[in-house]
Amino acid sequence: MASLLPCNIPVLILLMSIPFMITAAQNPPSPGYYPGSRISTIGFDQGYRNLWGAQHQRVEQGSVTLWLDRSSGSGYKSLHPYQSGYFGADVKLQPGYTAGVITSFYLSNNEAHPGDHDEIDIEFLGTTPDKPYTLQTNVYIRGSGDRNIIGREMKFHLWFDPTQDFHNYAILWTPSEIIFLVDDVPIRRYPRKSDATFPLRPMWVYGSIWDASSWATEDGKYRADYNYQPFIGRYKNFKIGGCAAEGPASCRPPSASPSGSGGLSQQQQSGMEWVQRNYLVYDYCRDWKRDHTQTPEC
1 MASLLPCNIP VLILLMSIPF MITAAQNPPS PGYYPGSRIS TIGFDQGYRN LWGAQHQRVE
61 QGSVTLWLDR SSGSGYKSLH PYQSGYFGAD VKLQPGYTAG VITSFYLSNN EAHPGDHDEI
121 DIEFLGTTPD KPYTLQTNVY IRGSGDRNII GREMKFHLWF DPTQDFHNYA ILWTPSEIIF
181 LVDDVPIRRY PRKSDATFPL RPMWVYGSIW DASSWATEDG KYRADYNYQP FIGRYKNFKI
241 GGCAAEGPAS CRPPSASPSG SGGLSQQQQS GMEWVQRNYL VYDYCRDWKR DHTQTPEC
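The opening residue of the sequence shown carries number 1 in UniProt numbering; numbering runs sequentially from there.
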């Protein structure tokens, strides 16, 4: 038996290294720069207030928990509107059956411009236990003035299980671009190509959990099942580094890149390309069924 040991050592080393290799392959390359680290954390009450469903919202030590049951969901709203900025939160999602349920973090001016609003969305589309969550990013520009909402959806799966721990999700909105980030890794960049295709009016920051059974999960194939209630979304580590709408015109929002001049560094670009190559599951610009005369940026 002793004579076999040297032959087995390389095999054992290889087998022991496989889990590490698999784990490493599932993580995106380092972006090299972490814009969220440059923004201070605030408590929930410092930046937000309840908007609806107060009985389905609990604030503890600067964090907030929202839940949806058969009677109601819940939502919160920032104390101030913003002209631009970095807006982030750590979110932990509920495991199990969550079909039909939306847990969201987004910017909007729908209350100020009903029927004619702008919006920048991060939405987690609930799912069935055998399938991963979908993270949907979206941009509306004067969204439904003619009742014809033009979405600009890009949907992703994630390289981790968002129900196991908190992860950071952020929107960086400047006068020239919108960048969506997950744990400071850029996953989507939406540049300003024209005023008609870019949101420019002040927006508030929101979070919510609600029933969107008609479309959220596989276009409404699976609906919210209240046998699994309550559905819970947890938020903490809030960050707002923005230019308030009532603030000075000289205010400049943070940059996503180390250059400070906008855009992404080459290392950040490589990280974004890795995410889109491995985890992008829908891109509105590549959907041949869409009328792309309405989305000229494509």
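Glycine included, each C-beta is placed from N, C-alpha and C at the ideal position.
Have a look at the options and flag the residue whose alpha-carbon is nearest the alpha-carbon of residue i.
i, options, result
"W215", "A224, I122 and P186", "A224"
"D291", "I150, G36 and Y76", "I150"
"Q83", "Y235, I42 and P248", "P248"
"residue 299", "Y106, P254 and N138", "No statement about residue 299 is possible, as the shown extent of the chain runs from 1 to 298 and does not include it."
"I179", "A256, V91 and E297", "A256"
"E177", "G43, D165 and P191", "P191"
"D195", "I141, Y76 and G43", "I141"
"E119", "Q61, F198 and D69", "F198"
"C243", "Y279, V205, S265 and N227", "V205"
"W52", "F87, S78, C298 and I171", "S78"
"P31", "D287, Y279 and V275", "V275"
"S71", "D161, N237, P230 and A99", "P230"
"F87", "P114, S37 and G100", "S37"
"residue 309", "D287, G271 and P162", "Absent from the model: residue 309. The displayed extent of the chain is 1 to 298, so no value can be given."
"A245", "H80, G75, F44 and V64", "H80"
"N109", "H117, I42 and I39", "H117"
Tell me whether residue i is buried or exposed, calling it buried when 16 or more other Cβ atoms sit within 10 Å of its Cβ.
i, result
"R188", "buried"
"Q55", "exposed"
"G47", "buried"
"L135", "buried"
"C285", "exposed"
"A25", "With a pLDDT of only 46 at A25, under 50, the local geometry of the prediction cannot be trusted, and no value is derived from it."
"S251", "For the sequence presented, residue 251 should be read as Cys rather than Ser. Result: exposed."
"R49", "exposed"
"A2", "Any reading at A2 must be qualified, since the residue scores a pLDDT of 37, below 50, and its modelled position is unreliable; no value is offered."
"T127", "buried"
"D121", "buried"
"P186", "buried"
Please report the distance separating the alpha-carbon of residue i from that of residue j.
i, j, result
"W159", "A212", "25 Å"
"F124", "Y282", "14 Å"
"D184", "Y169", "8 Å"
"G73", "Q94", "14 Å"
"residue 303", "G262", "Any question about residue 303 goes unanswered here, given that the chain covers just 1 to 298."
"E273", "P28", "10 Å"
"W173", "G260", "14 Å"
"P202", "K221", "35 Å"
"N66", "M154", "In the sequence on display, residue 66 carries Leu and not Asn. Near 25 Å, if we compare the C-alpha coordinates of M154 and L66."
"K193", "Y106", "22 Å"
"H167", "A89", "8 Å"
"Q57", "W210", "12 Å"
"Q164", "K92", "7 Å"
"T23", "I240", "Confidence in T23 is poor, its pLDDT being 38 and thus under 50, which makes the residue's placement too unreliable to answer from."
"residue 364", "V182", "Absent from the model: residue 364. The displayed extent of the chain is 1 to 298, so no value can be given."
"T217", "Y133", "9 Å"
"Y34", "Y235", "20 Å"
"Q227", "K289", "Per the sequence presented here, residue 227 reads as Asn, with Gln not at that position. So the alpha carbons of these two residues sit roughly 36 Å apart."
"R152", "P296", "11 Å"
"D219", "H157", "16 Å"
"L68", "D130", "22 Å"
"M21", "L280", "For M21, the predicted model reports a pLDDT of 35, less than 50, meaning its position is unreliable and no value from the coordinates is stated."
"V139", "E60", "31 Å"
"T98", "L200", "34 Å"
With DSSP run on the structure shown, which of helix, strand or coil describes residue i?
i, result
"D90", "strand"
"E246", "coil"
"A196", "helix"
"G233", "strand"
"W215", "coil"
"W210", "strand"
"Q276", "helix"
"G115", "coil"
"V11", "The pLDDT assigned to V11 is 35, lower than 50, so where the model puts this residue is not dependable; a value taken from the coordinates is nonetheless given after this. Helix, per DSSP."
"G260", "coil"
"N227", "helix"
"Q268", "helix"
"A2", "At A2, the pLDDT of 37 sits below 50, so the modelled position is not reliable and the matter cannot be decided from this model."
"Q136", "strand"
"R189", "strand"
"Y282", "strand"
Hey, is residue i's beta-carbon within less than 8 Å of any beta-carbon in chain D?
i, result
"F44", "Although the question refers to chain D, the structure presented lacks it and comprises just one protein chain."
Note to self: Which runs of the alpha helix (DSSP H) at least 4 residues long sit entirely within the stretch 35-85? Give them in chain order.
What the structure shows: 44-47
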